[in-house]
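K.L.:
Heads up: the sequence shown begins at -10 in my numbering, then just goes up one per residue.
Just passing along the structure, written as structure tokens.
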Amino acid sequence: MPPESLRCKECRTEYPLDARYVCERCFGPLEVAYAPHTSSDPEELRRKIQAGPTSLWRYADFLPTAPPAHGAVPTGWTPLVRADRLADELGLREVWIKNEAANPTHSFKDRVVSVALARARELGYTTVACASTGNLANAVAAHAAAAGLESYVFVPVDLEEQKVVATGVYGTNLIAVRGNYDDVNRLCTEVSADRDWAFVNINMRPYYSEGSKTLAFETAEQLAFQLPDRVVCPIASGSLFTRIARGFEEWLEAGLIQGSLPRFNGAQAEGCSPVASAFAAGHEICRPVKPDTIAKSLAIGNPADGPYALALARRTGGSIDAVGDEEIREGIRLLARTTGIFTETAGGVTVAVLASLARRGEIDPDERVVAYITGDGLKTLDAARGTFEVTEIDPTVEAFELATEPVAAVA
Ligand SMILES: *Cc1c(COP(=O)(O)O)cnc(C)c1O
Ligand SMILES: [Zn+2]
């Protein structure tokens, strides 16, 4: 299924497959358009995929670039874990966790960067860059290092220390901008206009977003080429949320899976919930907000794919919900103590929304639900700090027994 062109999502105008992201006629976003998958036999395609590498490049037939010959960080093929203890606690039957913390820089951003950098290298770029809420910074810095590319990574100045360290260590040019993500993004859009750089989430955005589709392909393959009934997924710009749907649609069209799209439930933090607010108000576009939440990786106040995320939730019978900072901490703890998976704040948002949907009775107990855990808890330690107790003792057996004996016996 070779890529044919970049096509405007709104007016369908076509452009060559180079570094551009916005339609010159209507300012709509551009996306990669493929030749139809008509001739291939699904059985043959399935066998080809199953014989492929254990990385996202097993889905190269559905991506806009060939796998890079060298210098790529192996990405994808992360575990899809059946979470029975979590399901029990929520009164559900079948819950699966797609654990994206298992990627090389511990978030799903390794996927989008893999594809954007592969295309940047094909187009001959030697410098790559990004505007990041944190995880993208880690991924761009690491993948650029492996490929031998120069990189510039722009982040908001108040980013979590773990994400700053896990970016700078790769030898990138790390630029901390005194402002929030939306300021960083605006600055990068201006910088990109007069530099010959590949900004993975600006002028390379059509390729970047294609990387997220591989999460849908993997989910379906790991479920033995079946679809879930419902997915729960965090929303920052809305790219991941909408691209998972696109991935399922492409596989339905190719005959690799049968049925119809799952219900799509989006998850946001109350401190930055422009898409959830628009959903609740019945609006088709989002009103930009100033973020104030512990879920910094989701803190995009002006989400580029907001309208498409709204339309997707509505047409699949899903919803877009928001949860507060305390619920996010509880979500992190709930996932950790029922599955052994420690997620960052974005995963806390997702689990808290899943729990809230279950408690409200919105999920039929017999549904098969997949929740996307997009990043690692070691990157947002503050969110989990102080949510449990530590018993400190002197190094003697007496002290240990005294500290762990029931209070009544001690007295
Ligand atoms: C970037 C990110 C998301 C979602 O990003 P979109 O802009 O909506 O594609 C979700 N979770 C984590 C941990 C992220 O870093
Ligand atoms: Zn257009």
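We put the CB at the ideal spot given by N, CA and C, even for glycine.
Alpha carbon to alpha carbon, how far is Leu45 from Thr64?
P.N.:
Taking the first residue of the sequence shown as 1, we reach residue 45 at position 56. Taking the first residue of the sequence shown as 1, we reach residue 64 at position 75. The alpha-carbon atoms of Leu45 and Thr64 are separated by roughly 6 Å.
K.L.:
Taking the alpha carbon of Gly60 as the point to measure from, which residue in His95, Phe97, Arg326 and Ala136 has its own alpha carbon closest?
P.N.:
In the sequence shown, the residue the question calls residue 60 occupies position 71. For Gly60, the nearest C-alpha among the options comes from Ala136.
K.L.:
According to DSSP, Lys139 sits in a beta bridge with which residue or residues?
P.N.:
Position 150 of the sequence shown holds residue 139. The sequence shown places Glu at residue 139, rather than the Lys named in the question. DSSP lists Thr116 as partners of Glu139.
K.L.:
Counting only the same chain and skipping the five closest in sequence on each side, list residues whose C-beta sits under 8 Å from that of Pro292.
P.N.:
Position 303 of the sequence shown holds residue 292. Hits under 8 Å: Ile224, Ala225, Ser226, Gly227, Pro263, Val264, Cys275 and Ala298.
K.L.:
Of the residues Gly375, Gly80, Gly290 and Leu212, which one's Cα is nearest the Cα of Ala258?
P.N.:
By 1-based counting over the sequence shown, the position of residue 258 is 269. Of Gly375, Gly80, Gly290 and Leu212, the residue nearest in Cα terms is Gly290.
K.L.:
Pro53 and Lys19 - do their beta-carbons sit closer together than 8 Å?
P.N.:
Position 30 of the sequence shown, counted from the start, is the residue given in the question as residue 19. Position 64 of the sequence shown, counted from the start, is the residue given in the question as residue 53. The amino acid occupying residue 19 in the given sequence is Leu; Lys does not appear at that position. No, Cβ-Cβ distance for Leu19 and Pro53 is not below 8 Å.
K.L.:
In whole angstroms, what separates the C-alpha of Asp50 from that of Ala22?
P.N.:
For the purposes of this step, residue 50 is taken as residue 61 along the sequence shown, with counting starting at 1. For the purposes of this step, residue 22 is taken as residue 33 along the sequence shown, with counting starting at 1. Each residue's alpha carbon lies about 13 Å from the other.
K.L.:
At 3 residues or longer, what runs of the beta strand (DSSP E) sit wholly inside the segment 68 to 123?
P.N.:
Counting whole runs of 3 or more residues, the segment 68 to 123 contains the beta strand (DSSP E) stretches 69 to 71, 83 to 88 and 116 to 120.
K.L.:
Is Ile233 closer than 8 Å to Trp240 when the C-beta atoms are compared?
P.N.:
On the sequence shown, position 251 is the one that residue 240 refers to. On the sequence shown, position 244 is the one that residue 233 refers to. Cβ distance not < 8 Å, so Trp240 and Ile233 don't count as in contact.
K.L.:
Can at least three beta-carbon pairs, one atom from the segment 169 to 182 and one from the segment 312 to 329, be found at a separation below 8 Å?
P.N.:
No, because fewer than three Cβ pairs between the segment 169 to 182 and the segment 312 to 329 fall closer than 8 Å, the two stretches do not touch.
K.L.:
Helix, strand or coil for Leu163? Go by DSSP, reduced to three states.
P.N.:
Locating residue 163 in the sequence shown gives position 174, where the first residue counts as 1. Strand.
K.L.:
Leaving out the 5 sequence neighbours to the left and right, which residues in its chain are closer than 6 Å to Ala128 when beta-carbon positions are compared?
P.N.:
Your numbering for residue 128 matches position 139 in the sequence shown. For Ala128, where only same-chain residues beyond five positions count, the Cβ hits under 6 Å are Thr94, Lys98, Asp99 and Val102.
K.L.:
Relative to ligand 2, is the shortest distance from any of its heavy atoms to the C-beta of Arg14 smaller than 7 Å?
P.N.:
Here the question's residue 14 lines up with position 25 in the sequence shown. Arg14: yes, Cβ under 7 Å from ligand 2.
K.L.:
If you count every other CB in all the chains shown that lies within 10 Å of the CB of Thr385, and 16 or more means buried, which is it?
P.N.:
To locate residue 385, count along the sequence shown from 1; it is residue 396. Exposed.
K.L.:
Return yes when at least one heavy atom of ligand 1 lies under 7 Å from the C-beta of Lys98, else no.
P.N.:
Mapped onto the sequence shown, residue 98 falls at position 109. Yes - ligand 1 has a heavy atom lying nearer than 7 Å to the Cβ of Lys98.
K.L.:
Is it buried or exposed, Glu316, if we count other Cβ atoms within 10 angstroms and call 16 or more buried?
P.N.:
Sequence index remark: in the sequence shown, residue 316 carries index 327 (1-based). With 16 or more other Cβ atoms within 10 Å, it is buried.
K.L.:
Could you please give the first and the last residue of the uninterrupted alpha helix (DSSP H) stretch that includes Ser266?
P.N.:
The residue you call residue 266 lines up with position 277 of the sequence shown. Its alpha helix (DSSP H) spans residues Pro263 to Ala270.
K.L.:
Roughly how many angstroms separate the alpha carbons of Thr231 and Phe253, rounded to a whole number?
P.N.:
Sequence index remark: in the sequence shown, residue 231 carries index 242 (1-based). Sequence index remark: in the sequence shown, residue 253 carries index 264 (1-based). Roughly 9 Å between the two C-alpha positions.
K.L.:
Would you report the Cα separation of Thr115 and Val189, rounded to the nearest angstrom?
P.N.:
Sequence index remark: in the sequence shown, residue 115 carries index 126 (1-based). Sequence index remark: in the sequence shown, residue 189 carries index 200 (1-based). Cα to Cα, Thr115 sits roughly 13 Å from Val189.
K.L.:
With a CB to CB cut of under 6 Å and the five nearest residues on each side skipped, what residues in its chain are close to Glu390?
P.N.:
For the purposes of this step, residue 390 is taken as residue 401 along the sequence shown, with counting starting at 1. Taken in chain order, the list of residues that qualify is empty.
K.L.:
Would you tell me roughly how many angstroms separate the C-alpha atoms of Val144 and Asp281, rounded to the nearest one?
P.N.:
Looking up residue 144 in the sequence shown gives position 155. Looking up residue 281 in the sequence shown gives position 292. Between Val144 and Asp281, the C-alpha separation is close to 16 Å.
K.L.:
Nearest to Tyr361 by CA position, among Cys(-3), Gly113 and Thr67, is which residue?
P.N.:
For the purposes of this step, residue 361 is taken as residue 372 along the sequence shown, with counting starting at 1. Comparing Cα-Cα distances from Tyr361 to each of Cys(-3), Gly113 and Thr67, the minimum goes to Thr67.
K.L.:
Hey, is Glu(-1) close to ligand 2, as in C-beta under 7 Å from one of its heavy atoms?
P.N.:
By 1-based counting over the sequence shown, the position of residue -1 is 10. Glu(-1) Cβ: within cutoff of ligand 2.
K.L.:
Mapping the DSSP letters down to three states, classify Arg175 as helix, strand or coil.
P.N.:
Working through the sequence shown from its first residue, we reach residue 175 at position 186. Helix at Arg175.
K.L.:
Report buried or exposed for Lys279, applying the criterion of at least 16 other Cβ atoms within 10 angstroms of its Cβ.
P.N.:
For this step, residue 279 is matched to residue 290 along the sequence shown. With fewer than 16 Cβ atoms within 10 Å of its Cβ, Lys279 is classed as exposed.
K.L.:
Considering only C-alpha positions, which residue in the set Ser29, Ile164, Leu216 and Asn92 is nearest to Asn(-10)?
P.N.:
Numbered from 1 along the sequence shown, position 1 holds the residue referred to as residue -10. The sequence as given places Met at residue -10; Asn does not occur at that position. For Met(-10), the nearest C-alpha among the options comes from Ser29.
K.L.:
What residues in its chain sit with their C-beta under 7 Å from that of Glu(-7), if we drop five residues either side in the sequence?
P.N.:
Numbered from 1 along the sequence shown, position 4 holds the residue referred to as residue -7. The answer, listed in chain order, is Ala22, Tyr23 and Ala24.
K.L.:
How should Leu106 be labelled, buried or exposed, when 16 other C-beta atoms within 10 angstroms of its C-beta is the threshold for buried?
P.N.:
As a first step, residue 106 is located in the sequence shown; it is residue number 117 there, counting from the start. When all chains shown are included, Leu106 counts as buried.
K.L.:
Please state whether DSSP places Ser308 in a helix, a strand or coil.
P.N.:
Working through the sequence shown from its first residue, we reach residue 308 at position 319. In the structure shown, Ser308 sits in a strand (DSSP, three-state: E or B).
K.L.:
Taking buried to mean at least 16 other C-beta atoms within 10 Å of its own C-beta, is Ala400 buried or exposed?
P.N.:
By 1-based counting over the sequence shown, the position of residue 400 is 411. Confidence in Ala400 is poor, its pLDDT being 47 and thus under 50, which makes the residue's placement unreliable; the coordinate value appears in the next sentence. It is exposed - the Cβ of Ala400 has fewer than 16 other Cβ atoms within 10 Å.
K.L.:
Kindly indicate the opening and closing residues of the alpha helix (DSSP H) around Ile38.
P.N.:
Taking the sequence shown and counting its residues from 1, one reaches residue 38 at position 49. Ile38 -> alpha helix (DSSP H) spans Pro31 to Gln39.
K.L.:
Should Val117 go down as buried or exposed, given a rule of 16 or more other Cβ atoms within 10 Å for buried?
P.N.:
Looking up residue 117 in the sequence shown gives position 128. Per the 10 Å Cβ criterion, buried.
K.L.:
Cβ of Thr282 within 7 Å of any heavy atom in ligand 2?
P.N.:
As a first step, residue 282 is located in the sequence shown; it is residue number 293 there, counting from the start. No - ligand 2 has no heavy atom lying nearer than 7 Å to the Cβ of Thr282.
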